[in-house]
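Asker: Pasting a structure below so you can have a look.
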Amino acid sequence: MLNQEDENDKRRSHQHNEILGTFEEIYGNKTTIDVENIFEKCKDQTKKALVLGRAGIGKSTFCQYVTYRWAKGEIWRQYELVILIRLRSLTQSRYSSEKKYLPIDLVEKEYFEVDDISDEMRQNFKEQCNKGRVLWILDGYDAFAQNIPEQLKGVFQHICETQHHILTSRPYAITLAYDTKMEITGFTDENIAKYIQQFFDQITVESINALSSGPKLQKFLKSNPSIWGIAHIPVNLELICSLWSSYDWSKTTVLTMTQLYSTITEWLCRRYLTRQNKKSEDMTKQGVYRKCNTELRFLEQLAFNAMQRKEIMLPPELLEETEIEVDCSLDDYPQLLNMGILKSYDDKPIVLWKVGERAATKEVIDTILNALRGKDAGVRKNVCGTSEDG
3 MLNQEDENDK RRSHQHNEIL GTFEEIYGNK TTIDVENIFE KCKDQTKKAL
53 VLGRAGIGKS TFCQYVTYRW AKGEIWRQYE LVILIRLRSL TQSRYSSEKK
103 YLPIDLVEKE YFEVDDISDE MRQNFKEQCN KGRVLWILDG YDAFAQNIPE
153 QLKGVFQHIC ETQHHILTSR PYAITLAYDT KMEITGFTDE NIAKYIQQFF
203 DQITVESINA LSSGPKLQKF LKSNPSIWGI AHIPVNLELI CSLWSSYDWS
253 KTTVLTMTQL YSTITEWLCR RYLTRQNKKS EDMTKQGVYR KCNTELRFLE
303 QLAFNAMQRK EIMLPPELLE ETEIEVDCSL DDYPQLLNMG ILKSYDDKPI
353 VLWKVGERAA TKEVIDTILN ALRGKDAGVR KNVCGTSEDG
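Oh and the sequence shown: position 147 is 149 in our numbering, straight run, nothing missing.
Dropping the structure here:
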């Protein structure tokens, strides 16, 4: 019979093997490919590629990256226009159910909501699409697939069936058939080392200890296999670096996943209190949690409700349901949703927050559409000017 210590060791070993299994599942038995060669394996005349990736792995960053490289004339020169559409923005509240939408309507709505596109520009855009000179980058099918507005099903199907495009999604959400499938696997071991070095190089001016922090963090991560595994996901590594620069880890030799997530929660709470002009430096961990008790209770219940409904897009009715369950009104706590976990994308629903997202500006698309007739060579230099997305 196993004693309690043996059982704990067995449980830790099982958990460790599961984590390593997940890590190997992501990185094992795969062949790397340069982004410019994505369409080489496409058999059909209409080029279609499915790009899969787990949460926080960098799918949206990939979309921004390839659009930027096309803008510089480095890849896919056969296309006159590359359009990045964030599918989570195609919602019932933004698109009238009384209208039948065309592809140009998506461009107009996403980038020209204030201005109208002329009939001449519409016709020119249609011609470019018919000639196969337009590439659509459709980012975030997993969120979109949960609740595709009826009025947008036709135009989405049209783009997927007739237009050159790249579709990104989390692996579990996709049911569409694609001959060309690829996966973003996140950071390699070398990427991790480079990211950590760059992160702490940037904050050296702020902290005299930053110079030595990078190598110490790398050593620490490699000695904690479970944390090392999740550090290959970019958003996780960013959080880990931020935590390492904010806390004294000198006496910590082993870090479990539970401890890591607990520290992340504390860090987010302290940052939230600072933004509320409340000092937390001298507070204990429990003191911080007491100050954020209402916010944490609400977010815990909201996360549980969303998980039960299998949703990452959180509609207003889910917020209202959670308000009732925890007896907490957002009217009384309007700052509650500003802890850095959630993000509003169209002033209506709330979407799970992602780090470092950017979007092409309206002026950029305007420049492209106006330049299509004359095939202005300078348009590529301006196609992907970006602005920080709150």
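Backbone N, C-alpha and C define an ideal beta-carbon position, used for all residues, glycine too.
If you drop the 5 nearest sequence neighbours on each side, which residues of the same chain put their C-beta closer than 7 Å to that of Glu110?
Answerer: The residues are Ile119.
Asker: Only counting runs of 4 or more residues, tell me where the alpha helix (DSSP H) segments fall wholly within the stretch 258-321, in order along the chain.
Answerer: Qualifying alpha helix (DSSP H) stretches, in chain order: 259-277, 287-293, 295-311.
Asker: In the DSSP output, what is Leu137 paired with across the bridge?
Answerer: Partner(s): Val84, His166.
Asker: Could I get the ranges of all uninterrupted alpha helix (DSSP H) runs contained in the stretch 42-98, with 4 residues as the minimum, in chain order?
Answerer: Counting only runs of 4 or more, we get 61-73.
Asker: Whose C-alpha, out of Val157, Ile168, Arg172, is nearest the C-alpha of Leu54?
Answerer: Nearest option by C-alpha distance: Arg172.
Asker: I need the DSSP call for Met184, collapsed to helix, strand or coil.
Answerer: Met184 falls in the strand class under three-state DSSP.
Asker: Measure from the alpha carbon of Glu313 to the alpha carbon of each residue in His234, Glu82, Tyr174, then state which is nearest.
Answerer: Among His234, Glu82, Tyr174, the Cα nearest to that of Glu313 belongs to Tyr174.
Asker: Alpha carbon to alpha carbon, how far is Glu1 from Leu137?
Answerer: No answer is possible for residue 1: the residues shown for the chain start at 3 and end at 392.
Asker: Got a sec? Which residues, its chain only, sit under 7 Å from Gln148 by beta carbon, not counting five neighbours each side?
Answerer: Around Gln148: Glu313, Met315.
Asker: Run through DSSP, which three-state label would Leu219 get?
Answerer: Leu219 falls in the helix class under three-state DSSP.
Asker: Just the Cα atoms here: how many angstroms apart are Val237 and Thr258?
Answerer: Approximately 18 Å, taken between the alpha carbons.
Asker: Just to confirm my understanding: we take Lys350, look at its own chain, exclude 5 residues before and 5 after, and list those with CB closer than 6 Å. What are they?
Answerer: Only weak support is given to the placement of Lys350: the predicted model assigns it a pLDDT of 43, under 50, and the value that follows is read from those uncertain coordinates. Hits under 6 Å: Ser95.
Asker: Considering Cα atoms alone, identify which of Glu82, Leu89, Leu219, Leu262 is closest to Ile150.
Answerer: Checked all of Glu82, Leu89, Leu219, Leu262; the closest Cα to Ile150 is Leu89.
Asker: Hey, quick one: how far does the alpha helix (DSSP H) through Ser120 stretch, first residue to last?
Answerer: Ser120 -> no alpha helix (DSSP H), and no H or E assigned at all.
Asker: Per DSSP, what kind of secondary structure is Leu241 in: helix, strand or coil?
Answerer: Three-state result, Leu241: helix.
Asker: Determine whether the beta carbon atoms of Thr182 and Lys50 lie at a separation below 8 Å.
Answerer: Closer than 8 Å, so yes.
Asker: Roughly how many angstroms separate the alpha carbons of Tyr180 and Leu52, rounded to a whole number?
Answerer: Near 6 Å, if we compare the C-alpha coordinates of Leu52 and Tyr180.
Asker: Please name the residue, chosen from Gly188, Met285, Gln199, that lies closest to Thr34 on a Cα-to-Cα basis.
Answerer: The shortest C-alpha separation from Thr34 is found at Gly188.
Asker: For Ile59, which residues in the same chain have their Cβ closer than 6 Å to its Cβ, ignoring the five residues on either side in sequence?
Answerer: Excluding sequence neighbours, Ile59 sits near Ile186, Gly188, Ile235.
Asker: Determine the direct distance from the alpha carbon of Lys155 to that of Val116, and round the result to whole angstroms.
Answerer: Taking the straight line from one Cα to the other gives about 24 Å.
Asker: Using only alpha-carbon positions, find the residue among Val84, Asp250, Lys101, Gln310 that is nearest to Phe127.
Answerer: Of the listed residues, the one whose Cα sits closest to Phe127 is Val84.
Asker: Mind checking Ile168: buried by the 16 CB within 10 Å criterion, or exposed?
Answerer: Buried: at least 16 other Cβ atoms inside 10 Å.
Asker: Mark Ser214 as exposed unless 16 or more other C-beta atoms lie within 10 angstroms of its C-beta, in which case mark it buried.
Answerer: Classification of Ser214: exposed, given that the 10 Å Cβ count is below 16.
Asker: Just verifying my parser: in three-state terms, what is the DSSP assignment at Leu1?
Answerer: Limits of the chain in this structure are 3 at one end and 392 at the other, which puts residue 1 out of reach.
Asker: Have a look at Ile232, Leu92, Lys32, Glu112 and flag the residue whose alpha-carbon is nearest the alpha-carbon of Gly142.
Answerer: Here the closest residue by C-alpha is Leu92.
Asker: Tell me the rounded alpha-carbon separation between Ser228 and Gln220.
Answerer: Roughly 14 Å separates the two Cα atoms.
Asker: Between the stretch 319-327 and the stretch 282-289, can you find at least three pairs of beta-carbon atoms closer than 8 Å?
Answerer: In short, these stretches do not touch, since the Cβ pair count stays below three.
Asker: With C-beta atoms as the reference, is Gly216 less than 8 Å away from His166?
Answerer: No. Outside cutoff.
Asker: Helix, strand or coil for Ser214 per DSSP?
Answerer: Note: Ser214 maps to helix in three-state DSSP.
Asker: Kindly give me the distance between the Cβ atoms of Tyr197 and Leu239, rounded to whole angstroms, as I take these residues to be in contact under 8 Å.
Answerer: About 6 Å separates the two Cβ atoms, so the contact holds.
Asker: Does DSSP put Pro151 in a helix, in a strand, or in coil?
Answerer: Note: Pro151 maps to coil in three-state DSSP.
Asker: How many Å lie between Ile266 and Glu42 at the Cα?
Answerer: So the two alpha carbons sit approximately 42 Å from each other.
Asker: Can you tell me whether Ser225 is helix, strand or coil according to DSSP?
Answerer: Coil.
Asker: Would you list the residues sitting across from Ser171 in a DSSP beta bridge?
Answerer: DSSP lists Leu54 as partners of Ser171.
Asker: Since Leu339 is in the alpha helix (DSSP H), which residue starts that stretch and which ends it?
Answerer: It is not in any alpha helix (DSSP H) - Leu339 carries neither H nor E in the DSSP assignment.
Asker: Can you tell me whether Asp144 is buried or exposed, with buried defined as 16 or more other CB within 10 angstroms of its CB?
Answerer: Label assigned to Asp144: buried.
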